[in-house]
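Using this note's numbering, you'd call the opening residue of the sequence shown number 89 and step up by one each time. Using N, Cα and C, we set each Cβ at its ideal position, and we do this for glycine too. I have placed the structure first, in the form of structure tokens, so that the comments after it can refer back to it.
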Amino acid sequence: MTTQFYERLSNDLTQLLENSIDYNVTIEVGEEPDKQTYKVHSYILQSRNSYFYKKLNEISFNENHIKVLKMHNISIRIFNIIIKYIYGGIVSLEKLENSVIFDLLIISNELNLDELVEHLQTHFVNNNASWLRLNFSQVYQTSCQVKNFNIIKDFCNNIVAKYPNIIFESENFQTLPEDTLISIIEKDDLQLEESKIWQYVIQWGKAQNPTLPSNVDEWTSDNFLTLKTTLGKCLPQIRYFSISREDVFEMIFPYQQILEPKLWSDINSKFLAPSKPISSTVLPSRKILNVTFPTRITLSSNIIADEHTLEISSWIDKRELNYTENNPYEFKLLVRGSRDGFDVKTIYEICDKVSNIVIVLKVKDTGEILGGYIPCKLDKNNTKWIYSQDSFAFSLKTTNLKNSILSRVKNFSYAFANYPQHSLYFGHTLCLNYNLKTGKNCNSLQNMYSYDKPIHSLNSGFNVVEYEIFEVSKKK
Numbered sequence: 089m090t091t092q093f094y095e096r097l098s099n100d101l102t103q104l105l106e107n108s109i110d111y112n113v114t115i116e117v118g119e120e121p122d123k124q125t126y127k128v129h130s131y132i133l134q135s136r137n138s139y140f141y142k143k144l145n146e147i148s149f150n151e152n153h154i155k156v157l158k159m160h161n162i163s164i165r166i167f168n169i170i171i172k173y174i175y176g177g178i179v180s181l182e183k184l185e186n187s188v189i190f191d192l193l194i195i196s197n198e199l200n201l202d203e204l205v206e207h208l209q210t211h212f213v214n215n216n217a218s219w220l221r222l223n224f225s226q227v228y229q230t231s232c233q234v235k236n237f238n239i240i241k242d243f244c245n246n247i248v249a250k251y252p253n254i255i256f257e258s259e260n261f262q263t264l265p266e267d268t269l270i271s272i273i274e275k276d277d278l279q280l281e282e283s284k285i286w287q288y289v290i291q292w293g294k295a296q297n298p299t300l301p302s303n304v305d306e307w308t309s310d311n312f313l314t315l316k317t318t319l320g321k322c323l324p325q326i327r328y329f330s331i332s333r334e335d336v337f338e339m340i341f342p343y344q345q346i347l348e349p350k351l352w353s354d355i356n357s358k359f360l361a362p363s364k365p366i367s368s369t370v371l372p373s374r375k376i377l378n379v380t381f382p383t384r385i386t387l388s389s390n391i392i393a394d395e396h397t398l399e400i401s402s403w404i405d406k407r408e409l410n411y412t413e414n415n416p417y418e419f420k421l422l423v424r425g426s427r428d429g430f431d432v433k434t435i436y437e438i439c440d441k442v443s444n445i446v447i448v449l450k451v452k453d454t455g456e457i458l459g460g461y462i463p464c465k466l467d468k469n470n471t472k473w474i475y476s477q478d479s480f481a482f483s484l485k486t487t488n489l490k491n492s493i494l495s496r497v498k499n500f501s502y503a504f505a506n507y508p509q510h511s512l513y514f515g516h517t518l519c520l521n522y523n524l525k526t527g528k529n530c531n532s533l534q535n536m537y538s539y540d541k542p543i544h545s546l547n548s549g550f551n552v553v554e555y556e557i558f559e560v561s562k563k564k
């Protein structure tokens, strides 16, 4: 019988890190003036990690018999977690923001910490999928660039399968890595017509060869050969025999030279003599589901996720229990600070005479998501208090807030202050003034004159790193 005393071993090695007895390596981490030096042991680093094994073998001892390694590109906070994992095999994620955990994942991959990379990916998918969806663009782009992020990449590809326009209609589509494009178009459940997939593949291939003539009628044999070579691994993923006769004629016929002659012959045989056997590989048709997937607001927002919009919609309808799926409302983005500017006047200009709007804003430093619902019309030409029985303010659930806070209007005559020159007020519960990004012009007071509860923990001003305004309307 074998007994393993891992906990004691972990504690003893962690103590060795803290006491640094007989250290022979120093690692400088962080930037001046806050950089920190760690005194560590080469035999532990090299036995536990291939990156340090190679790196330390490349460095000579100095006159004090110490190897000096500088890693200024890693933050002290991230390195603290990594070095404790290397020594003690322990990582605690409970008090870490998701953005920090994602940075930890990236650095862990760079340091060849494969066990930790797999653990962090699994943690995100199982416990923080909403954060991945909220930051989909950044997460997907990273997973495409990093070979070892297969768990997160599969998670993202499953979203793309349901919502293919996220990728195919994005401005970054033409720069998509080849292996990523293949991983998408090879999926049997990709919810896209085969003829559209063909068009996107051709579009991607032409983008990789910008010198090709724009008019395909002017192409030479060499031009077609160039495109055929570029798309060599993509073309076998197209389900040619699922494409209609009309689409074959309109979309594939102009590019027939990039197909193998036998395949082109079999495609034509399918229409002319359907019962005649063919030798080309026939891939199964896509499993197109006869359902309409709900619009994923998370994928067009820098701040809110699906569960947030479901919660806000429940508050609009004054439900006791929140919607959990099939949101009855559409959220149409009207204003975004990083796109349109952070001045309050901008909000009134763009949202003039618009009703039923939701504003959400992300507080600098704390990461809080505050906001409110305005059922009445904004008016850029008048300064006045607006009457409403249905407006509300809120603070949404985040990593640092266990449950969302809803604050409903109680003084209907002072539900909302329409001050187009400088301010936008939900009573005193949420006050937005002048430029939201500078000067700490925003505040949320504890004065409950107009609304029934406070939504913000501090009674002082704050800045906003991003805000968005959505027009909310019932789905048809």
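Met339 carries a helical assignment under DSSP once its states are collapsed to helix, strand and coil.
Looking at the backbone, the Cα of Ile154 and that of Tyr175 are separated by about 19 Å. Here Trp307 carries a coil assignment [DSSP, helix/strand/coil].
By the Cβ-count criterion, Val370 is exposed, with fewer than 16 other Cβ atoms from all chains shown falling within 10 Å of its own Cβ. Note that the C-beta distance between Ile493 and Ile543 is below 8 Å. DSSP places Gly176 in the helix class (H, G or I) of the three-state scheme. The alpha-carbon of Glu395 is positioned some 36 Å away from that of Ile290. Between the segment 216–228 and the segment 392–410 there are three or more inter-stretch CB-CB distances shorter than 8 Å, so the stretches are counted as touching.
Considering only Phe261, Asp267 and Glu274, the residue with the shortest C-alpha distance to Ala249 is Glu274.
Between Tyr539 and Thr517 the beta-carbon gap is near 4 Å, inside 8 Å, which marks them as a contact. Membership of Val234 in any beta strand (DSSP E) is not indicated, and neither H nor E is assigned to it by DSSP. Burial of Ala481 is indicated by the presence of at least 16 other C-beta atoms within 10 angstroms of its C-beta.
Between the segment 301–318 and the segment 241–261, the count of C-beta pairs closer than 8 Å stays below three; the two stretches do not touch. By the Cβ-count criterion, Gly527 is exposed, with fewer than 16 other Cβ atoms from all chains shown falling within 10 Å of its own Cβ.
Proximity to Phe558 across Leu422, Ile239 and Glu306 peaks at Leu422, based on C-alpha coordinates. Within the DSSP bridge table, the entry for Lys158 names Glu116 as partners.
Residues Phe359 of the same chain have their beta carbon placed closer than 6 Å to that of Arg333, with the five preceding and five following residues left out of the count. A distance below 8 Å between beta-carbons, with the five flanking residues on each side excluded, links Phe430 to the following residues of its chain, in chain order: Asn523, Leu524, Lys525, Thr526, Val552 and Tyr555.
By the C-beta density criterion, Asn99 is exposed, having fewer than 16 other C-beta atoms within 10 angstroms. Here the alpha carbon of Asp242 sits roughly 33 Å from the alpha carbon of Gly459. Taking Thr471 as the centre and dropping the five residues before and after it, the same chain places the C-beta of Tyr507 closer than 6 Å to its C-beta, in chain order.
Given a length threshold of 4 residues, each whole run of the alpha helix (DSSP H) inside the segment 423–464 is given here in chain order: 425–428 and 432–439. A direct Cα-to-Cα measurement between Ser138 and Thr486 gives close to 37 Å.
Pairwise C-beta distances place the segment 263–274 out of contact with the segment 297–311, as fewer than three of them are shorter than 8 Å. Just measuring C-alpha positions, the residue of Val188, Ile147, Asp276 and Asn150 sitting nearest Ile162 is Val188. The continuous beta strand (DSSP E) containing Leu484 extends over residues Phe480 to Leu484. Listed in chain order, the non-local C-beta contacts of Trp352 below 7 Å within the same chain comprise Gln344, local neighbours out to five positions each way being set aside. In the structure shown, the three-state DSSP call for Val552 is strand.
Residue range Ser138 to Asn145 is occupied by the alpha helix (DSSP H) that includes Tyr139, with no beta strand (DSSP E) assigned at that position.
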